[in-house]
Amino acid sequence: MKAVMLGLFLALLWSLAPVKARIAVAPMIIEPEQVQAGQVLAVHCQNRSEEPVEVELALVLFDQDARGKVVLLEDGESVTLVERFLSVEPRYFVLPPGASQEIQVQVLENAFQHLYAALLIKPRQNGLHSRLAVLLLLSGAEEEPALGLSSWRRRDAGVSLRVENRGGRHGSWAGELLLYDGQGRLASTMRVHSGLVLPGRSRGVRVSLPGWVEQVEVRSLAPGGER
Amino acid sequence: MKKSFFVALSLMLMLLGAAAVQAAAVITVQVEILGGFSIDCSDLFIFGAVMPGQSIEETLELKVWSNRAWDLYVSCIGPVEVPGTLEVEDQRGLWQDVASSSRLVLWDQTATGSEGSVVHIPFRLSTSYADAPGEYEFQIEFTVVPSL
Numbered sequence: 016m017k018a019v020m021l022g023l024f025l026a027l028l029w030s031l032a033p034v035k036a037r038i039a040v041a042p043m044i045i046e047p048e049q050v051q052a053g054q055v056l057a058v059h060c061q062n063r064s065e066e067p068v069e070v071e072l073a074l075v076l077f078d079q080d081a082r083g084k085v086v087l088l089e090d091g092e093s094v095t096l097v098e099r100f101l102s103v104e105p106r107y108f109v110l111p112p113g114a115s116q117e118i119q120v121q122v123l124e125n126a127f128q129h130l131y132a133a134l135l136i137k138p139r140q141n142g143l144h145s146r147l148a149v150l151l152l153l154s155g156a157e158e159e160p161a162l163g164l165s166s167w168r169r170r171d172a173g174v175s176l177r178v179e180n181r182g183g184r185h186g187s188w189a190g191e192l193l194l195y196d197g198q199g200r201l202a203s204t205m206r207v208h209s210g211l212v213l214p215g216r217s218r219g220v221r222v223s224l225p226g227w228v229e230q231v232e233v234r235s236l237a238p239g240g241e242r
Numbered sequence: 439m440k441k442s443f444f445v446a447l448s449l450m451l452m453l454l455g456a457a458a459v460q461a462a463a464v465i466t467v468q469v470e471i472l473g474g475f476s477i478d479c480s481d482l483f484i485f486g487a488v489m490p491g492q493s494i495e496e497t498l499e500l501k502v503w504s505n506r507a508w509d510l511y512v513s514c515i516g517p518v519e520v521p522g523t524l525e526v527e528d529q530r531g532l533w534q535d536v537a538s539s540s541r542l543v544l545w546d547q548t549a550t551g552s553e554g555s556v557v558h559i560p561f562r563l564s565t566s567y568a569d570a571p572g573e574y575e576f577q578i579e580f581t582v583v584p585s586l
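These protein sequences, in sequence, are chains Z and E.
Note that this note's numbering has the first sequence beginning at 16, numbered continuously upward.
Note that this note's numbering has the second sequence beginning at 439, numbered continuously upward.
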């Protein structure tokens, strides 16, 4: 009787134990050149755990803050807007251990200059929750980025730069720091990359400098950049 | 006889030549490795019992796999309101209120390699006498986002 009770107790504990659901997703960023209505963008999802996993999907918009970081816009208005342009299939699926599923994001219409959306992939699980956000960077065929250095200044042991995108498409800025020593000689150069900047947004970039640097100049290398 | 010998020799040389060409054949292989990611959370996160007016800290362990740079966000979800103040410590060491909105806690994390990267996220719950006694359960959600 004792053994049966112990068995039942262990079975109860087992049933209450949280299910670990680990999925792997690729790609992380989708950036098609020219988006057409009807175009399908594929995302692959694989179950890397030893139990079946239920997976839920959602589409939201995203923006970029002054540090260049993604800001997910999950309010009702943003969701309604993104679903006017994109659909996802399937919305929900169950993956056996080791199995894969292709998720299809379809462009319903391309009447936009640019659309920055995130596909949120969430395994249903007990305990803590996790999501993987695949970023979709979509822009019309005619759009181009226009990146420039809006400001820069030397501060402490580094240089702070601000890169602005005045164009209609995302892009990244590349530049070069010219480093002069105490005798005013150009002693070294340093490449700088801004990372992606969304249209109408700017982002800060901070670069640490070697201690011997006395004077700095910044030169843009990217097309559309300004000195 | 001499003629047939030379014909046979020529054929043998041609066959050897063809074999040599085949042995030197080179095949170009193309493959595209996609950017990919994955996350593994601990099962449960328990603060335990706490007195009113007391703060309690717990650190949560996560593992992330990614072959490109990534950021990690934390938010509170679900219908249950968080008692007191729940804060999360970001990579600068600053505590941020996580109950009100999604917070960026790790950023510009480099590709993890095949073993993945174990990260520790400290949480702090501060209670007051405004919080009624009882057991509370709320949910925390982690979102991995590729760095732009």
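Idealized CB from N, CA, C, for every residue including glycine.
A quick note: this is a predicted structure, and the numbers were derived from the prediction, not measured.
Secondary structure, beta strand (DSSP E): runs of 3+ residues fully inside the stretch 160-209 of chain Z: Taking only runs of at least 3 residues, the beta strand (DSSP E) segments lying wholly in the stretch 160-209 of chain Z are 162-170, 173-180 and 186-195.
Measuring alpha carbon to alpha carbon, tell me which of 103/Z, 145/Z, 132/Z and 153/Z ends up nearest residue 125/Z. For the purposes of this step, residue 125/Z is identified with residue 110 of the first sequence, where counting begins at 1. Minimum Cα distance to residue 125/Z is reached at 153/Z.
Kindly indicate which three-state DSSP category residue 231/Z falls into: helix, strand or coil? In the first sequence, the residue the question calls residue 231/Z occupies position 216. Residue state, collapsed to three classes: strand.
Got a sec, what are the start and stop residues for the beta strand (DSSP E) residue 523/E sits in? The count along the second sequence starts at 1 and reaches residue 523/E at position 85. Its beta strand (DSSP E) spans residues 523-527.
Going straight from the alpha carbon of residue 207/Z to that of residue 170/Z, what length do you get? The residue given as residue 207/Z occupies position 192 in the first sequence. The residue given as residue 170/Z occupies position 155 in the first sequence. Take the alpha-carbon of residue 207/Z and the one of residue 170/Z: they are about 16 Å apart.
I think residue 55/Z touches residue 116/Z, with their Cβ atoms under 8 Å apart; what is that distance to the nearest whole Å? Counting from one through the first sequence, the residue named residue 55/Z turns up at place 40. Counting from one through the first sequence, the residue named residue 116/Z turns up at place 101. Contact between residue 55/Z and residue 116/Z does not hold, since their C-beta atoms are separated by about 15 Å, which reaches or exceeds 8 Å.
Of the choices 474/E, 512/E and 446/E, whose alpha-carbon is the least far from that of residue 558/E? By 1-based counting over the second sequence, the position of residue 558/E is 120. Distance from the Cα of residue 558/E is smallest, within the candidate group 474/E, 512/E and 446/E, for 512/E.
What number of angstroms, rounded off, separates the C-alpha of residue 189/Z from the C-alpha of residue 235/Z? Walking along the first sequence from the start, residue 189/Z turns up at place 174. Walking along the first sequence from the start, residue 235/Z turns up at place 220. Annotation: residue 189/Z to residue 235/Z spans about 6 Å, alpha carbon to alpha carbon.
Residues of chain Z with CB closer than 7 Å to the CB of residue 545/E, please, in chain order. Residue mapping note: residue 545/E aligns to position 107 of the second sequence, counting from 1. Chain Z residues near residue 545/E: 84.
I want to verify the contact list: residues of chain E whose CB lies under 8 Å from the CB of residue 87/Z, in sequence order. On the first sequence, position 72 is the one that residue 87/Z refers to. Ordered by position in chain E, the residues that pass the 8 Å Cβ test against residue 87/Z are 511, 540, 581 and 583.
Every unbroken alpha helix (DSSP H) within the stretch 58-112 of chain Z, with a cutoff of 4 residues, ordered by chain: Runs of the alpha helix (DSSP H) lying entirely within the stretch 58-112 of chain Z, each at least 4 residues long, are 91-100 in chain order.
Taking only beta-carbon atoms, is residue 472/E less than 7 Å away from chain Z? One-based indexing of the second sequence puts residue 472/E at position 34. Contact of residue 472/E with chain Z is assigned, a C-beta pair being separated by under 7 Å.
At a CB-CB cut-off below 7 Å, which residues of chain Z make contact with residue 528/E? Taking the second sequence and counting its residues from 1, the one referred to as residue 528/E is at position 90. When 7 Å is used as the limit between beta carbons, residue 528/E is near no residue of chain Z, the shortest such separation being about 12 Å.
Name, please, each residue of chain Z whose Cβ falls closer than 7 Å to the Cβ of residue 563/E. Counting from 1 along the second sequence, the entry for residue 563/E is found at position 125. Close to residue 563/E, with beta-carbon spacing below 7 Å, lies no residue of chain Z; the smallest spacing is near 15 Å.
Taking Cβ-Cβ distances shorter than 9 Å, what residues in chain Z pair up with residue 534/E? On the second sequence, position 96 is the one that residue 534/E refers to. Correct list: empty, because the minimum Cβ distance to chain Z is about 14 Å.
With a Cβ-Cβ cutoff of 7 Å, do residue 77/Z and residue 133/Z count as a contact? For the purposes of this step, residue 77/Z is identified with residue 62 of the first sequence, where counting begins at 1. For the purposes of this step, residue 133/Z is identified with residue 118 of the first sequence, where counting begins at 1. Yes.
Cα separation between residue 148/Z and residue 231/Z? As a working mapping, residue 148/Z is identified with position 133 in the first sequence. As a working mapping, residue 231/Z is identified with position 216 in the first sequence. When rounded, the distance between both Cα atoms is 38 Å.
Starting from residue 148/Z, trace the beta strand (DSSP E) both ways and give me its first and last residue. Counting from one through the first sequence, the residue named residue 148/Z turns up at place 133. Element bounds for residue 148/Z: 144-154.
Take residue 576/E as the anchor and find which of 520/E, 466/E, 541/E and 585/E has the nearest alpha-carbon. Counted from its first residue, the second sequence places residue 576/E at position 138. Looking from the CA of residue 576/E, the closest CA among 520/E, 466/E, 541/E and 585/E belongs to 520/E.
I need the straight-line Cα distance from residue 527/E to residue 518/E, nearest angstrom please. For the purposes of this step, residue 527/E is taken as residue 89 along the second sequence, with counting starting at 1. For the purposes of this step, residue 518/E is taken as residue 80 along the second sequence, with counting starting at 1. C-alpha separation (whole angstroms): 22 Å.
Can you pull out the residues from the stretch 132-163 of chain Z whose beta carbon lies closer than 7 Å to at least one beta carbon of chain E? Listed by position, the residues of the stretch 132-163 of chain Z near chain E (Cβ gap below 7 Å) are 142, 143, 144, 145, 146, 147, 148 and 150.
Tell me which same chain residues have a C-beta within less than 6 Å of the C-beta of residue 121/Z, skipping the five on either side of it? Residue mapping note: residue 121/Z aligns to position 106 of the first sequence, counting from 1. The answer, listed in chain order, is 55 and 102.
Specify, as a first and last residue, the run of the beta strand (DSSP E) that residue 574/E falls within. As a first step, residue 574/E is located in the second sequence; it is residue number 136 there, counting from the start. Premise fails: residue 574/E is in no beta strand (DSSP E) and is neither H nor E.
Just grab the DSSP bridge partners of residue 39/Z for me. Looking up residue 39/Z in the first sequence gives position 24. Listed as beta-bridge partners of residue 39/Z by DSSP are 61/Z and 476/E.
Could you tell me how far apart the beta carbons of residue 523/E and residue 476/E are, in whole angstroms, since I believe they sit closer than 8 Å? If you number the second sequence from 1, residue 523/E lands on position 85. If you number the second sequence from 1, residue 476/E lands on position 38. Contact flag wrong, Cβ pair sits at about 32 Å.
At a CB-CB cut-off below 8 Å, which residues of chain E make contact with residue 38/Z? Here residue 38/Z refers to the residue found at position 23 when the first sequence is read from its first residue. In chain order, 476 make up the part of chain E whose C-beta sits under 8 Å from the C-beta of residue 38/Z.
For a contact defined as C-beta to C-beta under 8 Å, what are the partners of residue 578/E on chain Z? On the second sequence, position 140 is the one that residue 578/E refers to. Chain Z residues near residue 578/E: 143 and 144.
Closer than 7 Å, CB to CB, is residue 112/Z near chain E or not? Here residue 112/Z corresponds to residue number 97 of the first sequence, with the count starting at 1. Interface residue (Cβ-Cβ distance to chain E less than 7 Å): residue 112/Z is not classified as such.
Residues in the stretch 200-221 of chain Z with C-beta within 9 Å of chain E's C-beta atoms, listed in sequence order? The residues in question are 210, 211, 212, 213 and 218.
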